[in-house]
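Written out below as structure tokens is the structure these notes cover.
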Amino acid sequence: MKRRFNILSDPRFRLVYGNICRFREGFKPKKLRLNREQFTLLPDIKKKTPVYPGMLLAEHPSLEKGDLHAPVYGVISDINVRSIFIDVLPDDKVDASAFPEVERVELLDSDLRGEDLVLAVKKLGVNTRSLGQRTKTLVVNGLNPEPNITWAEDMLVEYVDEIKAGIELMRRFGRAEEIILAVPKGGEVKVDGVRIVEVEPEYPNSISELLIKQITKKENPEGWAAVGIHNVWSLGRVALTGLPLMETVITVSVDEHRANYLVANGSIVGDLIEYTNVTLKNGDTILRGGPLRGESLDQLDRSITKGTQGFFVVRKGTIPPMEGDSICVNCGACMLVCPTRIDPRMLSRYAEFNKYGMSRKENFHLCVDCGLCSYVCIARRPVLQYIRLAVSKLRQEEAMAKLTPIVPVSKD
Ligand code: SF4
Ligand code: SF4
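In structure tokens form, the structure reads like this:
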């Protein structure tokens, strides 16, 4: 990809930080909130049920979505259509002998292969959709996903065994003909038995479509797909522990400081922020995700899910806020920076004025959600957010169009 705009040589877009360390593990949540939408609860899971780490709570009907397990000792305090709430027992109140031991599943030593292995992995709580893609070449994306999110770097140095185990299981799925690992150029990463390709660690090369373009020098080549290293690490962790997936890794980034934390699934954002000693001031904004693609949180009682990449704190007054009704001044900066050469200027206008269908003629589907258009917009228009709105509206429309119309039954 040629440099289209000189902000991309800005050091803030470099995706390496060099602060390699083990993930911080000390955080003990007080409460958990586990997302249970579309899951089927087990019959004996109800309010006041005691739970223990690894206990199966709910199953998902899709083979691509991991089942739900309790990550801690505690008691279910409430269940609604969206969430299971757990009060976590403090360590001095836990009597582990009162609970059954979770049986370990030694996936690497087993004969499981193909769909049987995918099913076993799903039952251990791992989402298999991107890990089990059917393709010729599957690239494990080892770049930090965006500026200020830094766990990929640690995984490539401190968690090589997990990555190796994850890739071994993916090979046994038998769905991709070849699995390769993309790493930042100059990092001297080695994983036995895995072909490594080096990529310039510069945002937005970490986005799957652009990563593949970097490797193949082609746009959307046939037979190529990518999976994030976070997913592969999760699979490798399950492979090495033999236990269900109960935790995730996230980066907390504030005031030039970043650290990676291993946290129980369903932990509450506010509890973690308190644990990290970050002092939030009036007017600060917390983004779920990084500064380019993150979404601002309206409440601190939101939970951390397996897909959460991190939290980024924007201090009051450091970045001018976006204005939904700010007028486009036609400067063209968003078009110059867009890596897929679509027209974010027009796409944001169509969404602003509810002309979602018009987005089709501007190839909205080619947007890779990098957020560079919003970043450069001098008028501070929420360009990416407008495009996301259009994408969501058009998907809804397409889903509605597929529904079979209900024909009223005649009284005769
Ligand atoms: S978010 Fe989409 S429209 Fe905006 S610059 Fe990135 S690819 Fe282009
Ligand atoms: S960068 Fe902002 S102001 Fe400039 S053309 Fe794009 S949307 Fe309009």
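Here the sequence shown is numbered in my numbering, starting from -7 and rising by one per residue. Note that beta-carbon positions come from the ideal geometry of N, C-alpha and C, so glycine has one too. These numbers were taken from a predicted model, which means no experiment stands behind them.
Nearest-angstrom beta carbon gap, residue j and residue i [assumed within contact, 8 Å]
i: D59; j: G10; result: Contact doesn't hold; Cβ gap of about 38 Å is too wide.
i: L24; j: A256; result: 6 Å
i: F304; j: N140; result: 5 Å
i: T127; j: W216; result: 7 Å
i: D153; j: L232; result: 6 Å
Bridge partner(s) assigned by DSSP for residue i
i: K23; result: D79
i: Y253; result: R16, I242
i: D70; result: F77
i: N133; result: A174, G220
i: H61; result: L48
i: P397; result: Partner(s): none; P397 has no beta bridge.
i: T127; result: A168
i: V189; result: A174
i: V43; result: G66
i: T437; result: Nothing can be reported for residue 437, as the shown portion of the chain is limited to -7 through 404.
i: V305; result: I278
i: R6; result: E194
i: E287; result: R280
i: S259; result: L24
Option in the options with minimal Cα separation from residue i
i: A88; options: V73, G66, D108; result: G66
i: D213; options: V329, R373, H52, L130; result: Per the sequence shown, the amino acid found at residue 213 is Pro instead of Asp. Here the closest residue by C-alpha is L130.
i: H222; options: R280, I155, Y267, K394; result: I155
i: L100; options: K347, L227, G258; result: L227
i: A144; options: D335, V270, N322, N252; result: N252
i: I207; options: L123, I172, P35; result: I172
i: L123; options: M162, V246, E98, D146; result: M162
i: L284; options: L364, Y342, G18; result: L364
i: E51; options: D36, R229, V261; result: D36
i: C362; options: V43, N274, T396, P196; result: P196
i: G18; options: V73, R28, L254, R164; result: L254
i: E389; options: S366, Y378, R352; result: R352
i: T310; options: D247, G299, D335; result: D247
i: V43; options: R74, F91, V8, A393; result: F91
i: K40; options: S198, S69, D83; result: S69
Cβ neighbour criterion (16 or more within 10 Å) applied to residue i
i: V241; result: buried
i: K313; result: For the record, residue 313 in the displayed sequence is Pro; it is not Lys. Exposed: under 16 other Cβ atoms inside 10 Å.
i: S102; result: exposed
i: G178; result: exposed
i: E138; result: buried
i: R341; result: buried
i: M392; result: exposed
i: R4; result: exposed
i: M61; result: Position check: residue 61 holds His in this sequence, whereas Met was assumed. By the 10 Å Cβ count, H61 comes out buried.
i: D263; result: buried
i: E354; result: buried
i: S366; result: buried
i: R96; result: exposed
Review point. Any contact of the segment 268 to 285 with the segment 104 to 113, i.e. 3+ C-beta pairs under 8 Å?
Key: Touching, no.
Exercise for review: Flag this pair as touching only if the segment 328 to 346 and the segment 380 to 397 have three or more C-beta atom pairs under 8 Å; answer yes or no.
Suggested key: Touching, yes.
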